[in-house]
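See structure below.
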Amino acid sequence: MEETARLAYHFHWPLDTILDLEHADRRKFLREADALAYPYED
């Protein structure tokens, strides 16, 4: 649920779009979302 909520928050995607992603792809998009939201954290 946390991954889904974060993707919906950052990208404004509908639930169906997020659930259609493979788990590995969701993780990649989450890394990108975090990099955009927190550009100076490592």
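Residue numbers (the numbering used here): 1287 to 1328.
Every residue, glycine too, gets a C-beta built ideally from N, C-alpha and C.
Keep in mind that this is a model prediction, so the values were computed, not measured.
{"Query": "Comparing C-alpha positions only, which one of H1296, E1289 and E1288 sits nearest to L1322?", "Result": "H1296"}
{"Query": "Here's the rule I'm using: 16 or more other beta-carbon atoms within 10 Å means buried, otherwise exposed. How should L1293 be labelled?", "Result": "buried"}
{"Query": "Which of helix, strand or coil does DSSP assign to E1288?", "Result": "helix"}
{"Query": "Could you pull out every residue in the same chain whose Cβ sits closer than 7 Å to the Cβ of E1289, ignoring the five residues on either side in sequence?", "Result": "R1312 and L1316"}
{"Query": "So, helix, strand or coil for E1308, using DSSP?", "Result": "coil"}
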